[in-house]
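Engineer: In my numbering, the protein residues as written are 1 to 247. Cβ atoms here follow ideal geometry from the backbone N, Cα and C, with glycine treated the same way. Quantities reported herein were computed from a predicted structural model and do not represent experimental measurements. This is the structure, below, for whatever I ask next.
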Amino acid sequence: MNSCRDGGLRPHPDAAMVRRRRRSATVAKQAGERIRVVDIFDEVEEDLRAERAEKLLKKYAGLIIALAVAIVAAAAGWQLWTRYQNQRDLAAASRFVAAQTAGDQTALDQLAADGPEGYKTLARLGAAALKADAGDLRGAESLWNAVASDSSADSLLRDFASLMATSRELDHGDPAELAGRLKPLADSGNPWSSLAREQLALLDLRQGKLDDARQTLQALTNDIAAPPGLRARASALLAGLGPQEAK
């Protein structure tokens with residue numbers, strides 16, 4: 001102890017420093033104990049989470065496995081179905097080409113009955129062409145009209161079938177009905193527009209509407225998007241009609 005001026009005693013500096021160090025050590029020890037307690041709680045919480053996860057996994061393991069199997073099976077099933085469809089289409093294409101080349105009506109009828117959807121329609125069109133070539137126009141028209149009215153058939157093939165049917169009826173069918181079928185096909189956006197316009201011109205000629213026929217034929221002759229053979233036919237018909245009479 002050191003003496004104060006007033007005669008009292010004061011603690012030695014070293015003793016005060018020792019007390020401060022002891023207090024700091026105590027605080028650090030308490031803080032360390034609190035940290036260890038927090039760590040213990042964290043470990044307990046992790047253990048509880050792991051235990052809950054394990055229980056959940058055990059409880060739903062069967063369902064998880066079943067879902068995984070279902071996903072894999074669905075993917076594999078889709079691949080198998082696509083492969084089956086491709087193989088089926090290739091087989092149908094081979095059947096169609098063989099029947100068409102041989103002119104085999106029976107084979108085409110069979111493909112129309114049991115083939116894939118697209119080839120069913122092609123087979124019916126092929127069968128109609130064979131009937132027409134053989135002189136069975138009524139049978140051919142029946143098949144063409146059936147395809148034209150089949151909503152499940154491709155629209156391109158439906159329109160083609162409708163054109164084939166109307167082409168056989170231009171000289172005897174009802175003009176209003178034929179025009180009603182042809183005009184939608186004559187729209188500029190339709191792939192068969194040129195053929196439909198040609199038939200409309202022929203229908204006008206049948207009814208004596210020469211000016212309307214000339215106008216349509218002239219448009220076809222000038223249409224560079226129309227097939228060359230069709231433009232040549234339109235030009236020949238136009239020349240056969242002669243010049244338009246002055247009014």
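Go ahead and pull the three-state DSSP assignment for A219.
Structural biologist: The answer is helix: DSSP assigns A219 an H, G or I state.
Engineer: Taking DSSP as the reference, what is the three-state secondary structure of N145?
Structural biologist: Three-state result, N145: helix.
Engineer: Buried or exposed, going by whether 16 or more other CB atoms sit within 10 Å of the CB of A99?
Structural biologist: Buried is the call here.
Engineer: Given V147, which residues of its chain have a CB within under 7 angstroms of its CB, disregarding the five upstream and five downstream residues?
Structural biologist: Taken in chain order, the residues that qualify are T121, R124, L125, A153, L157, R158 and A161.
Engineer: Under 8 angstroms Cβ to Cβ from N190, same chain only, skipping five residues before and after it: list those, please.
Structural biologist: Around N190: D159, P184 and A196.
Engineer: Hey, quick one: how far does the alpha helix (DSSP H) through S235 stretch, first residue to last?
Structural biologist: It spans P228 to L241 - the alpha helix (DSSP H) in which S235 sits, taken as one unbroken run.
Engineer: Please report the distance separating the alpha-carbon of K131 from that of P175.
Structural biologist: Roughly 25 angstroms between the two C-alpha positions.
Engineer: Comparing C-alpha positions only, which one of G103, G139 and D114 sits nearest to A91?
Structural biologist: Cα-wise, what sits closest to A91 is D114.
Engineer: Quick one: is A128 buried, meaning 16 or more other Cβ sit within 10 Å of its Cβ, or exposed?
Structural biologist: Classification of A128: buried, given that the 10 Å Cβ count is 16 or more.
Engineer: Classify Q199: buried if its beta carbon has 16 or more other beta carbons within 10 angstroms, exposed otherwise.
Structural biologist: Burial call: buried.
Engineer: Can you say whether D39 is buried or exposed, counting buried as having 16 or more other CB atoms within 10 angstroms of its CB?
Structural biologist: The predicted model places D39 with a pLDDT of 46, which falls under 50 and marks its position as unreliable; any figure quoted below should be read in that light. Under this definition D39 is an exposed residue.
Engineer: Have a look at L203 and D223 and give me their C-alpha separation to the nearest angstrom.
Structural biologist: Answer to the nearest angstrom: the Cα atoms are 20 angstroms apart.
Engineer: Could you check if S194 is buried or exposed, using at least 16 other CB atoms within 10 Å of its CB as the buried criterion?
Structural biologist: By the 10 Å Cβ count, S194 comes out buried.
Engineer: How many angstroms separate the CA atom of N145 from the CA atom of D211?
Structural biologist: Between N145 and D211, the C-alpha separation is close to 31 angstroms.
Engineer: Of all the alpha helix (DSSP H) runs that stay within the bounds of the region 122-177, which reach a length of 4 or more residues?
Structural biologist: As far as the region 122-177 is concerned, its whole alpha helix (DSSP H) runs of at least 4 residues are 137-148 and 155-169.
Engineer: Considering only their Cβ atoms, is the gap separating Q218 from L238 smaller than 8 angstroms?
Structural biologist: Yes, Cβ-Cβ distance for L238 and Q218 is below 8 angstroms.
Engineer: Which of the three DSSP states, helix, strand or coil, is assigned to Q244?
Structural biologist: Q244 falls in the coil class under three-state DSSP.
Engineer: Quick check: what's the CA-CA separation for V97 versus E117?
Structural biologist: Looking at the two C-alpha atoms, the distance is approximately 16 angstroms.
Engineer: Under the rule that 16 or more other beta-carbon atoms within 10 Å means buried, what is T216, buried or exposed?
Structural biologist: It is buried - the Cβ of T216 has at least 16 other Cβ atoms within 10 Å.
Engineer: Can you give me the C-alpha to C-alpha distance between Q105 and A134, rounded to a whole angstrom?
Structural biologist: Taking the straight line joining both Cα atoms gives about 11 angstroms.
Engineer: Leaving out the 5 sequence neighbours to the left and right, which residues in its chain are closer than 7 angstroms to D165 when beta-carbon positions are compared?
Structural biologist: According to the sequence provided, residue 165 is Ala. The question's Asp does not apply to it. Taken in chain order, the residues that qualify are E141, W144, N145 and A148.
Engineer: Quick one: Cα of P228 to Cα of S235, how far?
Structural biologist: Cα-Cα distance, rounded: 11 angstroms.
Engineer: With R95 and L111 assumed to form a contact (beta carbons below 8 angstroms), what rounded beta-carbon distance in angstroms separates them?
Structural biologist: With 8 angstroms as the limit, R95 and L111 qualify as a contact, their Cβ atoms being about 5 angstroms apart.
Engineer: Between which two residues does the alpha helix (DSSP H) holding A196 run?
Structural biologist: Here the alpha helix (DSSP H) through A196 covers S193 to R206.
Engineer: Could you name the residues of the same chain whose beta carbon sits closer than 8 angstroms to that of L230, not counting the 5 residues immediately before and after it, in chain order?
Structural biologist: Excluding positions up to five away in sequence, the list reads S194, L195, E198 and L220.
Engineer: Shortest alpha-carbon distance to E169 belongs to which of G242, L137 and A232?
Structural biologist: Per the Cα distances, L137.
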